[in-house]
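What follows is a short report on a single structure.
There are 2 protein chains.
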Amino acid sequence: MPGGPRQRGRYHHGDLPSALLDAGLEQLATAGPAGFSVAEVARRVGVSTAAPYRHFTDRDGFLAAVAARAAERLAAAVAAAATDDDPRDRLAAAAGAYAVFVAEHRTGFDVVYAPALRAARDADLAAAGRAVMALFLDPAREIAGDGALELTEQVVALAHGYATLDAEGFLTADRVTDVPTATRARRAARALIDGAAG
Amino acid sequence: MPGGPRQRGRYHHGDLPSALLDAGLEQLATAGPAGFSVAEVARRVGVSTAAPYRHFTDRDGFLAAVAARAAERLAAAVAAAATDDDPRDRLAAAAGAYAVFVAEHRTGFDVVYAPALRAARDADLAAAGRAVMALFLDPAREIAGDGALELTEQVVALAHGYATLDAEGFLTADRVTDVPTATRARRAARALIDGAAG
DNA sequence: GTCTATAGAGCGATAGAC
DNA sequence: GTCTATCGCTCTATAGAC
């Protein structure tokens with residue numbers, strides 16, 4: 005390897021789009037969607053601030069592509085956790101996994117369905133969004149039938165609330181218990197499901 | 005009234021700090037805490053971008069003062085809604101009122117307890133935060149006793165999730181029902197409370 | 001107490017060299 | 001396909017006139 009990588013000087017890259025997406029995930033996780041900066045991502049990768057615009061149309065197009073990748077991972081994380089046979093356990097586990105992933109990666113339904121990103125018309129993002137939604141809707145249908153939409157909304161809101169409050173440091177600030185967020189969110193979801201479905 | 009107000013030219017003001025706070029509430033509601041801009045608030049009021057710095061130390065100090073005023077109104081809104089004798093109804097009503105207010109004014113526990121604003125050490129903000137919290141904690145104690153903290157966390161997370169998803173347009177996007185957010189959040193909270201407390 | 005003016009920074013996006 | 005360089009914009013915050 006002659007010459008270290010990530011140097012500030014001249015060089016070019018193997019697969020810049022992929023490297024940009026990877027760095028974009030980190031940037032999204034640390035700065036959130038509002039603070040997401042194309043220039044900062046370019047800096048992380050070690051290319052000029054102009055380079056990303058060769059591969060993505062504009063900031064929102066880039067952010068949509070990053071969000072799509074994040075949403076795919078979110079779907080995978082939720083699917084990996086929601087494996088119980090009992091639909092109530094499965095739905096509750098989905099909520100717990102959602103809360104933790106979204107707190108950590110700052111990409112949930114708020115980002116996936118953000119109006120600004122809808123304009124980007126990213127097919128991957130839309131597909132990933134539907135995939136995540138299905139992981140909540142499917143067990144909700146088994147539990148509540150016609151009331152599945154309402155139950156899904158309730159459980160998603162609960163999980164999203166845990167995610168955002170945790171990301172903001174609210175839940176961990178004056179913590180009394182050391183029960184992890186995933187468990188607390190899952191328990192809360194289970195209580196909600198039991199209370200809603202009787 | 006000689007000479008219209010809000011002109012771009014020279015003039016001075018009756019009570020600029022109060023006018024800045026009022027405009028700051030609007031700015032916070034529309035742009036959210038991340039997009040909150042001192043310059044934009046000054047423009048709304050019709051003064052120079054330097055004027056606010058005569059009355060507030062810096063951006064975060066100003067934002068903390070605005071958030072304090074918002075939090076006081078949040079406490080009032082929740083208190084006005086949570087009047088039931090039955091503590092379960094009262095807690096659920098608090099959740100519904102919280103969801104609506106926070107969706108509309110973009111000031112909830114995430115802003116009140118934001119690390120960046122803690123540095124401003126605004127006593128009003130801290131007091132308002134405790135006042136809101138008490139409105140959840142008090143009925144939770146009646147319902148759950150030792151489990152009040154856990155129940156409060158669950159209900160607050162649920163209400164906050166409704167608020168953020170509604171603010172992001174997620175709940176209203178492909179709405180099937182026309183039941184208002186306040187009612188849906190309250191119902192969800194009631195189900196959660198019943199499920200948690202048996 | 002409010003103004004004008006400005007410094008200094010960051011970002012989005014484009015033009016043109018290589 | 002990546003670079004350098006740059007424009008135009010917005011923002012925070014300060015200095016000094018009035």
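First to last, the protein sequences are chains A and B. Once you know that position 41 of the first sequence is 45 in this note's numbering, the rest is easy, because the numbers rise by one and skip nothing. Once you know that position 46 of the second sequence is 50 in this note's numbering, the rest is easy, because the numbers rise by one and skip nothing. Beta carbons: idealized from backbone N, C-alpha and C, even for Gly. Just so you know, these numbers come straight off a predicted model, no measurement behind them.
Note to self: Just to confirm the assignment, what range does the alpha helix (DSSP H) spanning H164/B have?
What the structure shows: A152 to A171
Check: If you follow the alpha helix (DSSP H) that R190/B is part of, which residue opens it and which one closes it?
Finding: T185 to A201
Next item on the list: Whole angstroms is fine: what's the gap from L203/B's alpha carbon to P119/A's?
Entry: Only positions 5 to 202 of chain B appear in the structure, and residue 203/B is not among them; the question remains open.
Item checked: Proximal residues of chain B, C-beta to C-beta of H164/A below 7 Å -> G165, T168 and L169
Checklist line | Rounded separation between V51/A and A27/A - CA only | finding: 12 Å
Notebook entry, point to check: Leaving out the 5 sequence neighbours to the left and right, which residues in its chain are closer than 7 Å to D64/A when beta-carbon positions are compared?
Noted result: A120, L121, A123 and A124
Notebook entry, point to check: Do we get a CB-CB distance below 9 Å when we pair R194/B with the residues of chain A?
Noted result: yes
Note to self: Taking the alpha carbon of A152/B as the reference point, which residue from A163/B, A200/B and H109/B has its own alpha carbon closest?
What the structure shows: A200/B
Notebook entry, point to check: At least one CB of chain A closer than 9 Å to the CB of V104/B: is that the case?
Noted result: no
Next item on the list: Assign A54/A to one of three DSSP states: helix, strand, or coil.
Entry: coil
Margin query: I want to verify the contact list: residues of chain B whose CB lies under 9 Å from the CB of D93/A, in sequence order.
Written below: None at all; the shortest Cβ gap to chain B is about 14 Å.
Check: Apart from the five residues just before and just after F113/A, which ones in its own chain have a Cβ nearer than 7 Å to its Cβ?
Finding: V160 and H164
Next item on the list: Compare the C-beta of A132/B against all C-beta atoms of chain A and say whether one is closer than 9 Å.
Entry: no
Next item on the list: Kindly list, in the order they appear in chain B, the residues whose Cβ is closer than 9 Å to that of V136/A.
Entry: What V136/A touches in chain B: nothing, since even the nearest Cβ is about 12 Å away.
Check: Grouping DSSP H, G and I as helix and E and B as strand, with all else coil, what is F105/B?
Finding: helix
Check: Is the segment 95-113 of chain A touching the segment 182-202 of chain A in the sense that three or more CB pairs, one from each, lie closer than 8 Å?
Finding: yes
Notebook entry, point to check: Would the beta-carbon of R73/B fall within 9 Å of that of D128/B?
Noted result: yes
Checklist line | Three-state secondary structure (DSSP) of D19/A | finding: coil
Note to self: Tell me the rounded alpha-carbon separation between A167/B and Y102/B.
What the structure shows: 8 Å
Margin query: Looking at chain B, is there any beta carbon in it that lies within less than 9 Å of the beta carbon of L153/A?
Written below: yes
Next item on the list: Step through the CB atoms of chain B and report whether any lies within less than 9 Å of the CB of H109/A.
Entry: no
Next item on the list: Using three-state DSSP, classify G39/A as helix, strand or coil.
Entry: coil
Margin query: If I follow the unbroken alpha helix (DSSP H) through G221/B, where does it start and stop?
Written below: Residue 221/B cannot be examined here, being either before or after the span of chain B that is shown, 5 to 202.
Notebook entry, point to check: Beta-carbon separation of L162/A and Q31/B under 9 Å?
Noted result: no
Note to self: Which of the three DSSP states is assigned to A69/A in this structure?
What the structure shows: helix
Item checked: Rounded C-alpha distance that separates F105/B from A81/B -> 7 Å
Checklist line | G100/B burial status per 10 Å Cβ neighbour count (16 or more: buried) | finding: buried
Margin query: Am I right that R134/B and G36/B are in contact with their C-beta atoms under 8 Å? What's the rounded C-beta distance?
Written below: Not quite, the Cβ-Cβ distance comes to about 23 Å (not below 8 Å), so this is no contact.
Next item on the list: Find the nearest neighbour of F140/A within the set A85/A, L29/A and V115/A, judged by alpha-carbon distance.
Entry: A85/A
Check: What does a CB cutoff of less than 7 Å around A83/B pick up in its chain, not counting 5 residues either side in sequence?
Finding: L139
Notebook entry, point to check: Is the shortest distance between the beta-carbon of F174/A and the beta-carbons of chain B less than 9 Å?
Noted result: yes
Notebook entry, point to check: Do we get a CB-CB distance below 9 Å when we pair P6/B with the residues of chain A?
Noted result: Because the pLDDT of P6/B is 34, which lies under 50, any placement of that residue in the model is unreliable, and the number read from its coordinates should be weighed accordingly. By this cut-off, P6/B is not an interface position.
Check: Do we get a CB-CB distance below 9 Å when we pair G149/B with the residues of chain A?
Finding: no
Note to self: Against chain A, does F113/B count as a neighbour if the rule is that its beta carbon must be under 9 Å from one of theirs?
What the structure shows: yes
Check: Cα-Cα, which of T187/A, L24/A, E146/A and D89/A is closest to A54/A?
Finding: L24/A
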